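One line per chain: the protein sequences are A and B, in this order. For the first sequence, my numbering gives the first residue as 1, with consecutive numbering after it. For the second sequence, my numbering gives the first residue as 1, with consecutive numbering after it. Each remark here refers to the structure printed beneath this line.
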Amino acid sequence: SQKIEQNSEALNIQEGKTATLTCNYTNYSPAYLQWYRQDPGRGPVFLLLIRENEKEKRKERLKVTFDTTLKQSLFHITASQPADSATYLCALGLYGNNRLAFGKGNQVVVIP
Amino acid sequence: GAVVSQHPSWVICKSGTSVKIECRSLDFQATTMFWYRQFPKQSLMLMATSNEGSKATYEQGVEKDKFLINHASLTLSTLTVTSAHPEDSSFYICSAPGASVPPRRYFGPGTRLTVL
């Protein structure tokens, strides 16, 4: 069966450190992968997109990697700040349609 | 940037009543909009894809007669939960794709529905 796995346990991290989140998938062949941030009681906000032929993407303090052999994406927040505390969702973009398959999200708590 | 609004942001209703949720793209046109439901600590579950000027496409297991979707214009899609029951209580979120290729999704702020 198809699965998208993100760590269900919250990641507690000290301010200034790098937070790393993992998104693993099974039985998907995504054309691209997106990461979103979701705050409690709010809709997700787009952060980054990485295509299957790209290894790494950066945006300010964010970095995403995509390994289609391992079927895994890593999401990094460098120099983390308390304002980065949120849930981060990975989403797989599938070939041939406009659909996105979302993971459950991984909560990050940055401790001042 | 593109903005999607939703109204209402929260609603409490009695069992058996119907509730309408509006989703608007404020500064861009959306021929397609997506409706999701999200339970606490769970992923976004796609309920249906609404298409401007035609019928919505529902995901397997989603009752068409219970969750009525209308996409009346290029900027407005509505979801009506008919004869709501407590098990329909959830967080409902709409989204619209942007113009980039592949498209990023612009999400509304969500509607918290509580059915008593």
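A virtual CB, placed ideally from N, CA and C, is assigned to each residue, including glycine. Every value quoted in this text rests on a predicted model; they were computed, and no experiment measured them.
The C-alpha of Ser73 (chain B) is placed about 37 Å away from the C-alpha of Glu5 (chain A).
With the rule of 3 Cβ pairs closer than 8 Å, the region 76-86 of chain B does not count as touching the region 75-92 of chain A. Only Asn98, Arg99, Leu100, Phe102, Gly103, Lys104 and Gly105 from the region 96-107 of chain A bring a Cβ to less than 8 Å from some Cβ of chain B. Within the region 20-47 of chain A, those residues whose Cβ lies closer than 8 Å to any Cβ of chain B are, in chain order, Ala31, Tyr32, Gln34, Tyr36, Gly41, Arg42, Gly43, Pro44, Val45 and Phe46. For Leu44 (chain B), the chain A residues whose Cβ falls inside 7 Å of its Cβ are Phe102, in order along the chain. Taking C-beta atoms as the reference points, Gly93 (chain A) and Gln38 (chain A) fail to come closer than 8 Å.
Burial is judged here by how many other beta carbons sit within 10 angstroms of a residue's own beta carbon; Gly96 (chain A) has fewer than 16 and is exposed. The beta carbon of Gly93 (chain A) falls within 8 Å of a beta carbon belonging to chain B, placing the residue at that interface. With contacts defined as CB atoms closer than 8 Å, Val110 (chain A) and Gln81 (chain A) qualify as a contacting pair. Under a criterion of Cβ atoms nearer than 9 Å, the residues of chain A adjacent to Phe107 (chain B) are, in order, Tyr36, Gln38, Arg42, Gly43, Pro44, Val45 and Phe46. The beta-carbon of Leu62 (chain A) is placed no less than 8 Å from the nearest beta-carbon of chain B. Between Pro109 (chain B) and Gly16 (chain A) a beta carbon distance of about 31 Å is seen, past the 8 Å cut, so the two are scored as non-contacting. With contacts defined by Cβ atoms closer than 8 Å, Thr26 (chain A) and Leu74 (chain A) do not form a contacting pair. At least 8 Å separates the beta-carbon of Phe39 (chain B) from that of Cys94 (chain B).
With distances taken between CA atoms, Glu56 (chain A) lies nearest to A:Gln34 out of A:Gly41, A:Gln34 and A:Pro40. Residue environment for Val64 (chain A): buried (at least 16 other C-beta atoms within 10 angstroms of its C-beta). No Cβ of chain B is located within less than 8 Å of the beta carbon of Leu11 (chain A). Between the alpha carbons of Ala2 (chain B) and Gly98 (chain B) lies a gap of roughly 8 Å. As DSSP reads the structure, Gln2 (chain A) sits in no beta bridge.
In the displayed model, Ala83 (chain A) falls within a helix according to three-state DSSP. Thr20 (chain A): member of the beta strand (DSSP E) spanning Ala19 to Thr26, first to last residue.
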